[in-house]
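The working numbering applies: residue 235 is where the sequence shown begins, and numbers increase by one. Just so it is clear, CB atoms sit at the ideal spot from N, CA and C, and this is done for glycine as well. None of the values given here were measured: they were computed from a predicted structure.
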Amino acid sequence: MSRTIYLLRHGQTRFNAEQRLQGHCNSDLTATGLQQAEAMANTLAELLATPQEWALYSSPLGRAQQTAHIVGERLQISSEHIRLDERLMELGLGEWEQQRAPDLQQQYPHISQQVLSWYLQAPGAERYDKLQTRLSSWLQDPDLPQQVVVVAHGLSGAVLRGLYANLDFDAVWQQEIPQNAFFKLSHGQIARIACE
């Protein structure tokens, strides 16, 4: 049986709305973020015939856990069965955490010419190879069940999809990181699933 992974990004947070970088710090979901989490949960409930047979993993960061609890409640997966895994945490953004992206782009004009990879230039940011190593460790973990729903983050989710699809560096950072859709990873393919 080929493993199937539904990969979700947490719903919109207060920092997302303020265009602030989060990385390893946290802020709560906004009203929009709660609606997005509910929409993802409802879409998953329609897709999964027996949701209780699926494992639910989450990054330990609060915004991901908040989203995972909403998903779990809808799928009838109790909170104590949500598996928190530090390997799923967002890219650490060092000294740029909590700063506004427009301010950084004004201060460092060259980064606005780049796609998502500009986050890697933050002083003290987690190295790309380190992020790849921990996500690859999760993806290749022999104890990972065959049916998994996982709530992660924008940047780490893009890198996880890149590892799954064997994308090169540039292709990884050209992917979208939506909060109104999630991705199905199965049989070596990635499908985007919109949530209304």
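Query: N-terminal and C-terminal residue of the beta strand (DSSP E) that Ala425 is part of; Result: Gln423 to Ala428
Query: Identity of the residue in Leu378, Leu325, Gly388 and Gln381 nearest Asp363 by Cα; Result: Leu325
Query: Nonlocal neighbours in the same chain, by C-beta distance under 8 angstroms from Met235, ignoring five residues either side; Result: Confidence at Met235 is low in this model, with a pLDDT of 48, below 50, so the placement of that residue should be treated as unreliable; the coordinate-derived value is given next. Here the set comprises Gln380.
Query: Run of the alpha helix (DSSP H) containing Leu290, from where it starts to where it stops; Result: First-last for Leu290: Ala289 to Ser292, but that is the beta strand (DSSP E), not the alpha helix (DSSP H).
Query: Burial state of Gln246, where buried means 16 or more other Cβ atoms lie within 10 Å; Result: buried
Query: Three-state secondary structure (DSSP) of Arg334; Result: strand
Query: Contact check, Pro357 vs Glu331, beta carbons under 8 angstroms; Result: no
Query: Through-space distance from Glu280 to Ile311, alpha-carbon basis; Result: 15 angstroms
Query: Through-space distance from Arg248 to Thr264, alpha-carbon basis; Result: 6 angstroms
Query: At least 3 beta-carbon pairs within less than 8 angstroms: the segment 273–288 vs the segment 253–262; Result: no
Query: Cβ-based neighbour list, Ala335, same chain, cut-off 6 angstroms, excluding 5 preceding and 5 following; Result: Gln253
Query: Contiguous alpha helix (DSSP H) assignments of at least 4 residues, all confined to the segment 335–404; Result: 335–341, 362–373 and 388–399
Query: Three-state class that DSSP yields for Thr266 in the structure shown; Result: helix
Query: DSSP beta-bridge partners of Leu419; Result: Ile239 and Ile424
Query: Enclosing alpha helix (DSSP H) for Arg214 [first to last residue]; Result: Only positions 235 to 430 of the chain appear in this structure, which leaves residue 214 out of reach.
Query: Exposure label - Ala283; buried when at least 16 CB within 10 Å; Result: exposed
Query: Beta-carbon proximity of Gln413 to Arg395, cut-off 8 angstroms; Result: no
Query: C-beta atoms of Phe179 and Met274 nearer than 8 angstroms; Result: In this structure the chain extends from 235 to 430, so residue 179 is not present and cannot be described.
Query: For Ala251 and Val385, believed in contact at Cβ under 8 angstroms, the rounded distance; Result: Val385 to Ala251, Cβ: 19 angstroms. No contact.
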